[in-house]
Amino acid sequence: MLVLTRKPGEAIVIGDDIEIEIVAIGGGKVRVGITAPRTTSVHRKEVYVELKEGDVVEIADSDGAPAEPAADEL
121 MLVLTRKPGE
131 AIVIGDDIEI
141 EIVAIGGGKV
151 RVGITAPRTT
161 SVHRKEVYVE
171 LKEGDVVEIA
181 DSDGAPAEPA
191 ADEL
């Protein structure tokens, strides 16, 4: 596992088209912004595990792309 130290406003780039930016740190939490192609699915790990186990049905937009997260999930 690669472990990096970043400050708010700094980012990590994965490949040519994925960027992970540290948006804020506070209250024992880190807020992360992710920029990736729409064809790349991005999930919190606990949601990903449930999806793989078939416990959650992913909701998609009418164009077939995953729906945007609800504001309270951000």
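Residue numbering for the sequence shown follows this note's numbering, starting at 121 and increasing by one per position.
Note that CB positions come from ideal geometry on N, CA and C, so glycine has one too.
Inter-residue spacing [alpha-carbon to alpha-carbon] between residue 127 and residue 142 = Here the question's residue 127 lines up with position 7 in the sequence shown. Here the question's residue 142 lines up with position 22 in the sequence shown. Distance between the alpha carbons of residue 127 and residue 142: 7 Å.
Limits of the alpha helix (DSSP H) - the one that residue 167 falls within | Working through the sequence shown from its first residue, we reach residue 167 at position 47. That run of the alpha helix (DSSP H) goes 165 to 173.
Inter-residue Cα distance where the pair is residue 165 and residue 172 | Here residue 165 corresponds to residue number 45 of the sequence shown, with the count starting at 1. Here residue 172 corresponds to residue number 52 of the sequence shown, with the count starting at 1. Rounded to whole angstroms, residue 165 to residue 172 spans 10 Å at the Cα level.
Between which two residues does the beta strand (DSSP E) harbouring residue 149 extend?
-> Your numbering for residue 149 matches position 29 in the sequence shown. Segment 149 to 155, the beta strand (DSSP E) holding residue 149.
Can residue 138 and residue 157 be called in contact, C-beta distance under 9 Å?
-> On the sequence shown, position 18 is the one that residue 138 refers to. On the sequence shown, position 37 is the one that residue 157 refers to. For residue 138 and residue 157, yes; Cβs fall inside 9 Å.
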